[in-house]
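In order, the protein sequence lines correspond to chains A and P.
For the first sequence, this note's numbering assigns the number 2 to the initial residue and increments by one for each residue that follows.
For the second sequence, this note's numbering assigns the number 2 to the initial residue and increments by one for each residue that follows.
Below is one structure; the comments refer to it alone.
2 protein chains.
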Amino acid sequence: MSSTGAKAVPDRRRAILDAAVRVFARQGFHACRVSDIADEAGVAYGLLYHYFPSKEEVLNTLFLERWGVMLQMIREVDAEQIPVREKLGAIASFIIDSYRHDPDMMKVIIVEVTRAANSFGQTHLGQIREAYRMIGTIVTKAQREGVFKPDIDAEFAAMTFYGAIEQVLTGWIFGLLPQGDEAFERAKQMVVETVCGGLEVARAPAA
Amino acid sequence: MSSTGAKAVPDRRRAILDAAVRVFARQGFHACRVSDIADEAGVAYGLLYHYFPSKEEVLNTLFLERWGVMLQMIREVDAEQIPVREKLGAIASFIIDSYRHDPDMMKVIIVEVTRAANSFGQTHLGQIREAYRMIGTIVTKAQREGVFKPDIDAEFAAMTFYGAIEQVLTGWIFGLLPQGDEAFERAKQMVVETVCGGLEVARAPAA
DNA sequence: GTGGATAGATTGACTGGTCAGTCAATGCGT
DNA sequence: ACGCATTGACTGACCAGTCAATCTATCCAC
Numbered sequence: 002m003s004s005t006g007a008k009a010v011p012d013r014r015r016a017i018l019d020a021a022v023r024v025f026a027r028q029g030f031h032a033c034r035v036s037d038i039a040d041e042a043g044v045a046y047g048l049l050y051h052y053f054p055s056k057e058e059v060l061n062t063l064f065l066e067r068w069g070v071m072l073q074m075i076r077e078v079d080a081e082q083i084p085v086r087e088k089l090g091a092i093a094s095f096i097i098d099s100y101r102h103d104p105d106m107m108k109v110i111i112v113e114v115t116r117a118a119n120s121f122g123q124t125h126l127g128q129i130r131e132a133y134r135m136i137g138t139i140v141t142k143a144q145r146e147g148v149f150k151p152d153i154d155a156e157f158a159a160m161t162f163y164g165a166i167e168q169v170l171t172g173w174i175f176g177l178l179p180q181g182d183e184a185f186e187r188a189k190q191m192v193v194e195t196v197c198g199g200l201e202v203a204r205a206p207a208a
Numbered sequence: 002m003s004s005t006g007a008k009a010v011p012d013r014r015r016a017i018l019d020a021a022v023r024v025f026a027r028q029g030f031h032a033c034r035v036s037d038i039a040d041e042a043g044v045a046y047g048l049l050y051h052y053f054p055s056k057e058e059v060l061n062t063l064f065l066e067r068w069g070v071m072l073q074m075i076r077e078v079d080a081e082q083i084p085v086r087e088k089l090g091a092i093a094s095f096i097i098d099s100y101r102h103d104p105d106m107m108k109v110i111i112v113e114v115t116r117a118a119n120s121f122g123q124t125h126l127g128q129i130r131e132a133y134r135m136i137g138t139i140v141t142k143a144q145r146e147g148v149f150k151p152d153i154d155a156e157f158a159a160m161t162f163y164g165a166i167e168q169v170l171t172g173w174i175f176g177l178l179p180q181g182d183e184a185f186e187r188a189k190q191m192v193v194e195t196v197c198g199g200l201e202v203a204r205a206p207a208a
């Protein structure tokens, strides 16, 4: 019973990562000290450097861990044989549920990486771009099927869609928008309806 | 001829602000040193502290100067008697033209303030919120006129619209999206068409 | 079982470098 | 000669990362 039994040896590396999420969310990456993370994890200062080569690498690890899960999800959604609306709905649901489940983690990823294109965004630009690219693929397919207008660039549409979701999360993160289960479900519907159906009331098809 | 004549005394304060835009855009607020700004402005280190109480206050000044112009523009657009599409188009045009005219300045505002909600965004949350609020008002009016669907929250729609624009600017800033006069004009049209008309091809109004 | 050897985990005081902000001195226009 | 503009060396604080010392688990010889 030495490997994965209950109450196994405490996983300090995990404890440090979890503590870092809380500290980064509370104080921001630049504003916090490495000792804040160590204290939050209940661990000695030096131990962080036993598991990670630098403070930056802690954030990188958190981001890659989480972003990888999202990319995988988009990949799977894209492969399914369902209408575009459902595909985009699934992506919106996943991201919003991620926030509901772990708001601190999403705050760190968005505020410190995704929207911090100067510092960490630069490092992970490739990963971030990959998400846009895959959403763009979904849009392109819908255009080929005649469901989406052909005269709006797919990559542009992808940025609009993802940008809208991220903007709403940012609104929740900084208390600009009301939160709660109802708001989350409504947001999922509204973001898809806005991007796919538009804000205008339905009008007759062009002659 | 002492006040505003050509070749008046060099305005060091202005020189510092202009230099700060370039330096912040190039290196980021946190990564740059005060001496970088002074050097770029061709001015002694200490002079910056003659005109500004701190490094932060330089950024605050830049942001408030520029953001105020934008708020004023939205206020004027809102007051006009034109269709929603034109109102939103005017806002999109203004922001995109601002980027065309001074990309460094827009980069600084977006990267260091608007999307840095942890540090400076917090300070200026009120100002940022005011922009969302005014766009929301435009949406609400359109809903009352029956032009926009009533079942999408106006504040939500406002964030989607503004978020889409900001996401596209971010795409330009970090080289994810092609730039140029054509791209800029296309973007203006596409952002309005996407948010108002939706990505889906026109369908008949619901029975 | 007991001693003790080995390796990895853990500790936290310390170092070196960085940099925002200060200030006394100097320049210059009026 | 007065006051504002300008200079840049200096200070004090801060903090990421290092490292030698200590602890603990595991295993082997006997």
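Glycine is no exception: its CB is placed at the ideal position from the N, C-alpha and C atoms.
query, result
"Backbone secondary structure at PHE162/P - three-state DSSP", "helix"
"With 16 other Cβ atoms within 10 Å as the buried cut-off, status of GLN144/A", "buried"
"Where the alpha helix (DSSP H) containing LEU177/P begins and where it ends", "Where LEU177/P is concerned, there is no enclosing alpha helix (DSSP H), given that its DSSP letter is neither H nor E."
"Limits of the alpha helix (DSSP H) - the one that ASP19/A falls within", "13-28"
"Residue span of the alpha helix (DSSP H) that contains LYS150/A, given as start and end", "Looking at the DSSP string, LYS150/A is not in any alpha helix (DSSP H), and its letter there is neither H nor E."
"Three-way DSSP call (helix, strand, coil) for GLU201/A in this model", "strand"
"For TYR46/A, the three-state DSSP class (helix, strand or coil)", "coil"
"Chain-ordered residues of the stretch 153-186 of chain P with a beta carbon less than 8 Å from chain A", "ILE153, ASP154, GLU156, PHE157, ALA158, MET160, THR161, TYR163, GLY164, ALA165, GLU167, GLN168, VAL169, THR171, GLY172, ILE174, PHE175, LEU177 and LEU178"
"Within 7 Å, strictly: CB atoms of VAL70/A and ALA21/A", "no"
"Assigned secondary structure, ILE83/P (DSSP; H/G/I helix, E/B strand, else coil)", "coil"
"Best match in PHE149/A, LEU177/A, TRP173/A and THR171/A for proximity to GLY199/P [C-alpha to C-alpha]", "PHE149/A"
"Residue range of the alpha helix (DSSP H) that includes VAL192/A", "182-193"
"Stretch-stretch touch, CB-based, cutoff 8 Å, three pairs: the stretch 129-146 of chain A with the stretch 123-132 of chain P", "no"
"HIS51/A (DSSP reduced to helix, strand or coil)", "helix"
"Run of the alpha helix (DSSP H) containing THR124/A, from where it starts to where it stops", "121-124"
"Minimum C-alpha distance to ALA158/A - residue among ALA159/P, ASP182/P and ALA188/P", "ALA188/P"
"Beta-carbon spacing of ILE110/A, ARG76/A below 7 Å", "no"
"With 16 other Cβ atoms within 10 Å as the buried cut-off, status of LEU18/A", "buried"
"DSSP three-state assignment for ALA210/P, whether helix, strand or coil", "Outside the displayed span of chain P (2 to 208) sits residue 210/P, for which this structure offers no information."
"Bounding residues of the alpha helix (DSSP H) (the contiguous stretch that carries ASP105/A)", "104-109"
"Of the listed residues GLY29/A, GLU186/A, ILE153/A and ILE38/A, nearest to ARG14/A (C-alpha basis)", "ILE38/A"
"Environment of LEU34/P [buried if 16+ CB atoms lie within 10 Å]", "One point to set straight first is that residue 34/P is Arg, not Leu, in the sequence displayed. The residue in question, ARG34/P, is exposed, as its Cβ has fewer than 16 Cβ neighbours within 10 Å."
"Within-7 Å CB hit, MET191/A to chain P", "yes"
"Given 8 Å, three or more beta-carbon pairs between the stretch 177-196 of chain A and the stretch 157-175 of chain P", "yes"
"GLU156/A, buried or exposed, once every other Cβ within 10 Å from all chains shown has been counted against 16", "buried"
"Inter-residue Cα distance where the pair is ASP40/A and ALA32/P", "26 Å"
"Helix, strand or coil at ARG76/A [DSSP, three-state]", "helix"
"Interface residues of the stretch 193-204 of chain P facing chain A [CB-CB below 7 Å]", "GLU194, THR195, VAL196, CYS197, GLY198, GLY199, LEU200, GLU201, VAL202, ALA203 and ARG204"
"Helix, strand or coil at ARG134/A according to DSSP, with G and I counted as helix", "helix"
"Buried versus exposed, by CB contacts within 10 Å (16 or more), ASP154/A", "buried"
"Distance CB(PHE25/P)-CB(ARG101/P) smaller than 7 Å", "no"
"CB contact check: LYS149/P to chain A, cutoff 7 Å", "Here the sequence assigns Phe to residue 149/P, which means Lys is not the residue at that position. Yes, PHE149/P counts as interfacial toward chain A."
"Length of the line joining the Cα atoms of THR141/A and TYR52/A", "43 Å"
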